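Have a look at the structure below, then the notes.
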Amino acid sequence: MKVILKQDIKGVGKKDQIVNAADGYARNYLFPRNLAVPADEGNMNNLKSKNESVAYRKGEDLKEAKKIAERMKTITVKITVKAGDNGRLFGAVTAKEIAETLKKDFGINVDKKKVLLSDSIKVAGTTKVDVKLNEGVIAQVAVMVAPE
111 MKVILKQDIK GVGKKDQIVN AADGYARNYL FPRNLAVPAD EGNMNNLKSK NESVAYRKGE
171 DLKEAKKIAE RMKTITVKIT VKAGDNGRLF GAVTAKEIAE TLKKDFGINV DKKKVLLSDS
231 IKVAGTTKVD VKLNEGVIAQ VAVMVAPE
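Using the numbering used here, read the sequence shown as starting at 111 and increasing by one per residue.
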């Protein structure tokens, strides 16, 4: 019997996957526990429309990420911190501070985990930092660290 899984089941398949299951297993285990539905015409159409809407949403998110990436090429994030005489900072500029400044000054909401900073910035000056906006879309933003 063909069924559409409603969630991941170890040894059977992943969510929204169509699998062949034994009749008894489907009727006595999967259906009563609401883990699967029969792969009839109505459920197949629902699955198809759900997959199309997910694909459309991903496409829209990708377009938006590319727009933001183009905008970020011209942006310079300015962060002022306390520094010593030789330009060395007291502390460091982290990915969290960069993400917060992007949101506050430019309205670009980026998770701090998406700011690809190998090590925190510890000297004053301008540094190029990569920001992952979406799958396959990485933008570079200039971060200018100025001493107070």
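Every residue, glycine too, gets a C-beta built ideally from N, C-alpha and C. Model, not experiment: these values are computed from the prediction.
For residue j and residue i, the rounded distance between their alpha carbons
i       : j       : result
Ser-230 : Asp-171 : 29 angstroms
Thr-186 : Lys-168 : 28 angstroms
Asn-155 : Leu-199 : 59 angstroms
Val-247 : Lys-213 : 19 angstroms
Arg-143 : Gly-123 : 16 angstroms
Asp-118 : Lys-223 : 27 angstroms
Tyr-139 : Tyr-166 : 34 angstroms
Nearest to residue i (by Cα), restricted to the options the options
i       : options                               : result
Asp-150 : Ala-202, Lys-183, Leu-140 and Met-111 : Met-111
Lys-206 : Glu-245, Lys-158, Phe-200 and Asn-219 : Asn-219
Asn-244 : Thr-236, Gly-217, Val-233 and Asp-221 : Asp-221
Gln-250 : Gly-152, Ile-208 and Val-233          : Ile-208
Gly-201 : Glu-180, Thr-211, Gly-217 and Val-233 : Val-233
Buried versus exposed call for residue i [16 or more other C-beta atoms within 10 Å across all chains shown]
i       : result
Leu-227 : buried
Val-164 : exposed
Ala-256 : exposed
Met-182 : buried
Ala-132 : exposed
Ile-178 : buried
Note to self: What ranges does the beta strand (DSSP E) occupy inside the stretch 113-151, keeping only unbroken runs of at least 3 residues that lie completely in it?
What the structure shows: 128-130 and 146-148
Checklist line | Unbroken stretches of the alpha helix (DSSP H), 4 residues or longer, contained in the stretch 148-213 | finding: 151-182 and 205-211
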